[in-house]
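Protein chains in written order, with our numbering: chain V, 1 to 148; chain S, 1 to 118. Below: the structure, in structure tokens.
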Amino acid sequence: MTWIADVTAARDAGAVFFDFLTAVDLEGDGFEVVCRLWDPTARTEHLLRTRCTRTDARVPTLTGVFAGAAWHERAVADLFGIGFDGHDTAPLLLPASFEGHPLRKEFVLASREARQWPGAKDPGESDADLAVPRRRRAKPLGTRDWSP
Amino acid sequence: MTGYPVPASSRGIIALDENACTSCMLCARECPDWCIEIDSHKETVHEEGSRPRVVHVLDRFAIDFGLCMWCGICIEACPFDALFWAPSYDHAATEPAGMVHERFDLRQWLSEVPPGTP
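Below, the structure written as structure tokens:
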């Protein structure tokens, strides 16, 4: 429970303003949950991080330290599928029927699969030139590496 | 620009200097929202005393401000200083297609860019 203890210690040391809590998908290394606190007197920021695995994606809740963390944890639960022990994270941003967690790297963005990437054209080309097959074309970042 | 006065350096809308644009596609490729569409074609220029050279001629430059998130990465990415922040901000539309602004709109906002903007 060093996560709660560390955040509590930072708060008690003056970082009383809870700015945000979010997560980072580290793929093979699991998830990193990041919390930013602000010390309004010292005017310093504190970035606190904790890790969890992909298979057991859960961290302790910070709602006992900052009640305002509840919304952030609900958003992270929605978007990353990370559980917060001690906090019943009802969906905040996504409809109840939504399948999957959109900010996980493995989540396929359907609109990105369906739409032609504007950067696929080379200088001096228009849409008509894309019909001509080419061995190498620029590929967008963050999409799956296959052509349908 | 109409409405409430804002500082000239405001990030209101993105202006395009067509004469500086080389259709290099860097902004369209860097854009995280895929909101920049560029069409261009090649032309061979014959000049007296030099060999013929191929230039890219811009046919279409459009930014879909319905997708844009005002990150400014296109402006940072442009190696030819063709894109600028302009302060004009009131560009609401009644339908999604109205949020797409073509080169003629983007060029007109160039006049609002404060002088000395990098």
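Cβ atoms here follow ideal geometry from the backbone N, Cα and C, with glycine treated the same way.
As assigned by DSSP and simplified to three states, the class of residue i
i        : result
S:Glu102 : coil
V:Arg74  : helix
V:Val65  : coil
S:Glu112 : helix
S:Thr44  : strand
V:Ser147 : With a pLDDT of only 48 at V:Ser147, under the threshold of 50, the placement of this residue in the model should not be trusted, and no figure is reported.
V:Leu94  : coil
S:Leu26  : helix
S:Leu58  : strand
V:Leu130 : helix
S:Cys74  : helix
V:Thr8   : helix
V:Trp117 : coil
V:Gly28  : helix
V:Thr53  : coil
S:Tyr4   : coil
S:Ser88  : coil
V:Ala110 : helix
S:Ala97  : helix
V:Thr89  : coil
Partner residues on chain V for residue i, Cβ-Cβ distance less than 7 Å
i       : result
S:Glu37 : Pro118
S:His56 : Pro123 and Gly124
Chain S contact residues for residue i, given Cβ-Cβ distances below 8 Å
i        : result
V:Asp122 : Met25
Contact under 7 Å by Cβ, residue i with residue j
i        : j        : result
S:Asp33  : S:Leu110 : no
V:Ala82  : V:Phe31  : Just to set this straight, residue 82 of chain V is Ile in the shown sequence, not Ala. Taking 7 Å as the Cβ cut-off, V:Ile82 and V:Phe31 qualify as a contacting pair.
V:Pro123 : S:Ser23  : yes
S:Cys31  : S:Cys78  : no
S:Cys21  : S:Ala82  : yes
V:Ala9   : V:Val76  : no
V:Pro102 : V:Leu79  : yes
V:Arg104 : V:Thr89  : no
S:Phe84  : S:Val113 : yes
S:Val55  : S:Val45  : yes
V:Thr63  : V:His87  : yes
V:Leu68  : V:Phe17  : It is worth fixing the name first, because residue 68 of chain V is Gly in this sequence and not Leu. No; because the gap between Cβ atoms is not below 7 Å, this pair is not in contact.
V:Thr143 : V:Arg115 : no
V:Trp3   : V:Thr55  : no
Which residues DSSP lists as bridging residue i, in chain order
i       : result
V:Leu48 : V:Cys35
S:Leu83 : S:Leu16
S:Ile36 : S:Ile63
V:Leu21 : V:Cys35
V:Leu58 : What sits at residue 58 of chain V in the sequence shown is Arg, not Leu. V:Gly83.
S:Arg53 : S:Val45
Under 8 Å from the C-beta of residue i: neighbouring residues of chain V
i       : result
S:His46 : Residues of chain V passing the Cβ test: none, with the nearest at roughly 17 Å.
S:Ala28 : Pro118, Gly119 and Lys121
S:Asp59 : Ser126
Cross-chain neighbours of residue i in chain S, by beta carbon under 9 Å
i        : result
V:Ala138 : Met25 and Arg29
V:Arg134 : Near V:Arg134 there are no residues of chain S at all, since even the closest Cβ is about 14 Å away, more than 9 Å.
V:Arg115 : Trp34
Beta-carbon neighbours of residue i, restricted to chain V and to distances below 9 Å
i       : result
S:His41 : Gly124, Glu125, Ser126 and Asp129
message: Pairs of beta-carbons, one from the region 125-143 of chain V and one from the region 66-73 of chain S, closer than 8 Å: are there three or more?
response: No, the region 125-143 of chain V is not in contact with the region 66-73 of chain S.
query: Does the region 121-135 of chain V touch the region 32-50 of chain S, meaning 3 or more C-beta pairs lie closer than 8 Å?
result: yes
- prompt: Three or more beta-carbon pairs under 8 Å between the region 96-107 of chain V and the region 40-51 of chain V, yes or no?
  reply: no
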